[in-house]
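Residue numbers (my numbering), protein chains in the order written: chain A, 20 to 392; chain B, 20 to 392.
Don't be surprised by glycine CBs; every beta carbon is placed ideally from N, CA and C.
There are 2 protein chains.
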Amino acid sequence: MKIVVDAMGGDHAPEAIVEGAVLAAREYDTKIILTGLSEQIQTELDKHDPDHLLPIEIVHADEVVEMHDSPGKVLRSKRKSSMKIGLDLVKQGEGVAFVSAGNTGAVLAYSTVILRPVKGVDRPAIAIQLPTLKGTSILLDAGANVDCKTNQLFQFGIMGHVFAEYILEKENPSVGLLSIGEEDGKGNEIVKETFQMLKKSHINFIGNIEGKEVYRGNADVIVCDGFTGNVALKISESLAEMIGTNLKLMFQSTWLSKLGYLFLKPQLVQFKKKVDHSETGGAPLLGVNGVVIIAHGSSSPKAIKNAINRAYELREKNIIDHIKQDIELNLSDVENSKGTIWKQIKSIAFGSEGAEQKGEEIPPTPDSKPNET
Amino acid sequence: MKIVVDAMGGDHAPEAIVEGAVLAAREYDTKIILTGLSEQIQTELDKHDPDHLLPIEIVHADEVVEMHDSPGKVLRSKRKSSMKIGLDLVKQGEGVAFVSAGNTGAVLAYSTVILRPVKGVDRPAIAIQLPTLKGTSILLDAGANVDCKTNQLFQFGIMGHVFAEYILEKENPSVGLLSIGEEDGKGNEIVKETFQMLKKSHINFIGNIEGKEVYRGNADVIVCDGFTGNVALKISESLAEMIGTNLKLMFQSTWLSKLGYLFLKPQLVQFKKKVDHSETGGAPLLGVNGVVIIAHGSSSPKAIKNAINRAYELREKNIIDHIKQDIELNLSDVENSKGTIWKQIKSIAFGSEGAEQKGEEIPPTPDSKPNET
Chain A
20 MKIVVDAMGG DHAPEAIVEG AVLAAREYDT KIILTGLSEQ IQTELDKHDP
70 DHLLPIEIVH ADEVVEMHDS PGKVLRSKRK SSMKIGLDLV KQGEGVAFVS
120 AGNTGAVLAY STVILRPVKG VDRPAIAIQL PTLKGTSILL DAGANVDCKT
170 NQLFQFGIMG HVFAEYILEK ENPSVGLLSI GEEDGKGNEI VKETFQMLKK
220 SHINFIGNIE GKEVYRGNAD VIVCDGFTGN VALKISESLA EMIGTNLKLM
270 FQSTWLSKLG YLFLKPQLVQ FKKKVDHSET GGAPLLGVNG VVIIAHGSSS
320 PKAIKNAINR AYELREKNII DHIKQDIELN LSDVENSKGT IWKQIKSIAF
370 GSEGAEQKGE EIPPTPDSKP NET
Chain B
20 MKIVVDAMGG DHAPEAIVEG AVLAAREYDT KIILTGLSEQ IQTELDKHDP
70 DHLLPIEIVH ADEVVEMHDS PGKVLRSKRK SSMKIGLDLV KQGEGVAFVS
120 AGNTGAVLAY STVILRPVKG VDRPAIAIQL PTLKGTSILL DAGANVDCKT
170 NQLFQFGIMG HVFAEYILEK ENPSVGLLSI GEEDGKGNEI VKETFQMLKK
220 SHINFIGNIE GKEVYRGNAD VIVCDGFTGN VALKISESLA EMIGTNLKLM
270 FQSTWLSKLG YLFLKPQLVQ FKKKVDHSET GGAPLLGVNG VVIIAHGSSS
320 PKAIKNAINR AYELREKNII DHIKQDIELN LSDVENSKGT IWKQIKSIAF
370 GSEGAEQKGE EIPPTPDSKP NET
């Protein structure tokens, strides 16, 4: 089982990426393929593993996707990039998972085009782990899809449920829909429609949850569109930064407060570790036919090591197969309940017996728009 | 100048509201009208002002809007509520501003129906002050409008600019559009269209800002739809709560950390004051013909006092007139630039000279859809 790692992606590539791969290979005995400019990678690798003892291979790729490249441009013109070649290796079965700290839009575009979405999934979603008062929750979509349809949010719910069950190992994980009020009718149009769909699914849907509930950890899975999810996460980062800066100023303001800081340091270090994104090891892209982990652009070697480990774990636990099964199960649930609704309409219109006899007068079930039934 | 206060709105009504009114009347010599169940209000008032020396009147209202009442139901059935009667007093000129800590949806619905939106404003927006690393910014809409059109976001930008200029007293305040990337083309469809409109306005539009920028304070005004705004604010509350809880646990974990806490206490109290919503005194509802302040449901007497003071200030500084002027100015800007675009189309189609002559063949400027030009 080899994990393919894009050695050229991220703010500190290839140094931090190669070092992260070395750490992973040492700590977990993971086999790794690094893709990218082979000379540069070899130079970095030689620093850590001069005798080539670690199970790390290099596959050369001529081109590098830059952080500012538009995904469209990358798809059209960078056919020899470390990302493209890395994902091709996963597609061909050479590797079992792909890790990149590079341009998120490009990873998303390549993954969708090369690995293709799982049957029944319209678009993959980025899932982010959040530290909460009760432990860990995941939020999806964190930014892959800005304008989402009802079907997509529904699929995010199913995929998030699978992730929480098999990877976070939560029993019957709870799924909440991020909205602006807890009551059934609250939210924008898409949220209201998704609410009705999730209510009919077999997962443990606990209804709408408000922003103020997120870090309390009452929902194991938080479903939202990628625009809202991205804003929610980044504003959290921003607030944490402001509080951190203010705490630092506080600690430095008097000699007494400096002493106070020293006394609190062990606890502060522990808390920082709890909320540090590099500990969780990147965000999985859920919904394509293959394990893909998107690491933070500023990933340290430790963050890359954890991302590789996370990729290995997702593959070990067969996350893709579980997603396929649950999507299929829930789609058939929705299909069946659609049938039920149409049967109800028929029976209202023609009486309970007449439904089948006059079936030809009823418009067909609109398969392409299950959210409208 | 009398400020009308809904004595029955909020989790601690009427006690906290009456006490807040008493504090405001004492501290600022503000004249106040309290609306609601007169006996209850009088009982509370007598506790603080037994000799009736303060400039506080009571206007009786038979009905109370409950926190869980739907705005539609309230509009239809609670015609004698403290909110309705309070806003009627403002409409009739008996009072100059209205303050309520009650059901936000109902305040919004009543204000829109009774006071009517300012000409050129489709819907009012709730503006919330945020503490930032640089001081204070405002974010709007914080939840009044879940599904927003481009025009509305544009109007929020203008109104926020006015608020920042006249109330926060910022010179040439900067206005940012909340999105998922700083570049021009980033965001959902509505954001992309709004970007183009704000670019043409006369205000200091600094483009998209990401969630991570919000608490850095680089934009004085942050524009977003009410769904995103509500989620962003409530998730901030949630994160602050989680960090606060963790800090408390930290402080209590060892005798050394307890000592550390004692040394830091003065700074912590100061920081808490900086981010405490009761200090800012409620959120103005911008865009109706009258000053309306929505206070937090859990408002303390101090928060109510600050909300009354804020209402007074908005009236003193003629915020409504400034909004009217700036909305008019910017709408004509957009109209003019629309004209320019049509002139360009004409000149491309018929040559620079032919435009006027063949004017009748050109479709009329679509007034109802300025966002599409």
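- Distance from the Cα of Ser130(B) is smallest, within the candidate group Val294(B), Ile338(B), Gly105(B) and Tyr234(B), for Gly105(B).
- Assigned with DSSP and collapsed to three states, Ala144(B) falls in strand.
- Note on Ser156(B): 16 or more other CB atoms within 10 angstroms of its CB, so buried under the neighbour-count rule.
- Within chain A, the residues Phe290 have their CB atoms less than 7 Å from the CB of Asn265(B), given in chain order.
- Contacts with chain B (Cβ-Cβ distance below 7 Å) from the segment 191-220 of chain A involve Leu197, Ile199, Gly206, Asn207 and Glu208, listed in chain order.
- For Ile147(B), no CB of chain A lies under 7 Å from its own CB, so it is not counted at the interface with that chain.
- In terms of beta-carbon proximity, Leu64(B) stays away from the interface with chain A, with every pair separated by 7 Å or more.
- The segment 238-252 of chain A and the segment 215-230 of chain A touch, with no fewer than 3 CB-CB distances between them shorter than 8 Å.
- Looking at the DSSP output, His79(B) sits in a beta bridge with Gly55(B).
- Excluding sequence positions up to five before and after Thr151(A), its CB lies within less than 8 Å of the CB of Val233, Tyr234, Arg235 and Gly236, all in the same chain and listed in chain order.
- Distance between Phe117(B) and Val311(B), taken at the CA atoms: about 5 Å.
- Bridge pairing for Asp25(A): Thr54(A) [DSSP].
- Residue-level contact by beta carbon holds for Glu256(B) and chain A, with a gap shorter than 7 Å.
- Using a Cβ distance threshold of 7 Å, Asp160(B) and Ile145(B) count as a contacting pair.
- Listed in chain order, the beta strand (DSSP E) runs fully inside the segment 196-272 of chain A are 223-229 and 240-242, counting runs of at least 3 residues.
- Listed by position along chain A, the residues whose Cβ is nearer than 8 Å to that of Leu127(B) form an empty set, because the closest Cβ is around 13 Å away.
- Here the segment 306-322 of chain B makes no contact with the segment 283-293 of chain A; the two share fewer than three CB pairs at distances below 8 Å.
- For the 7 Å CB-CB criterion, Glu184(B) and Pro192(B) form a contact.
- Leu350(A) places its beta carbon 7 Å or farther from that of Gly179(A).
- Sorting Ala40(A), Thr49(A) and Ser89(A) by C-alpha distance to the C-alpha of Lys66(A) places Ala40(A) at the top.
- Sequence-distant partners of Lys153(A) (beyond 5 residues in either direction) whose C-beta falls short of 8 Å from its own C-beta, in its chain, are Arg235, Gly236 and Asn237.
- Counting along the chain, Gly154(B) sits inside no alpha helix (DSSP H); it lies in the beta strand (DSSP E) bounded by residues Gly154 to Leu159.
- For Val311(A), the enclosing beta strand (DSSP E) begins and ends at Val310 to Ile313.
- In the assembly as shown, Arg329(B) is a buried residue. Its beta-carbon has 16 or more other beta-carbons within 10 Å.
- Interface criterion met: the Cβ of Glu229(B) is under 7 Å from a Cβ in chain A.
- Here the alpha carbons of Gly112(B) and His87(A) stand approximately 56 Å from one another.
- Neighbours of Glu232(B) across chain A, judged by C-beta separation under 7 Å: Ser257.
- The beta carbon of Val165(B) sits closer than 7 Å to some beta carbon of chain A.
- Shown here, Pro136(A) sits in a strand according to DSSP, grouped into three states.
- Taking the CA atoms as reference points, Pro136(A) sits about 17 Å from Ala302(A).
- Counting along the chain, Pro90(A) sits inside no beta strand (DSSP E); it lies in the alpha helix (DSSP H) bounded by residues Pro90 to Ser96.
- Annotation: Cβ neighbours of Tyr280(A) in chain B (cutoff 8 Å, chain order): Gly279 and Leu283.
- In terms of Cα proximity to Ser220(A), the closest of Ala322(A), Ile338(A), Ala259(A) and Val194(A) is Val194(A).
- The Cβ neighbour count for Arg142(B), taken over all protein chains shown within 10 Å, is at least 16; the residue is labelled buried.
- In the displayed model, Leu108(A) falls within a helix according to three-state DSSP.
- In this structure, Thr247(B) sits near Val250(A), with a CB-CB distance shorter than 7 Å.
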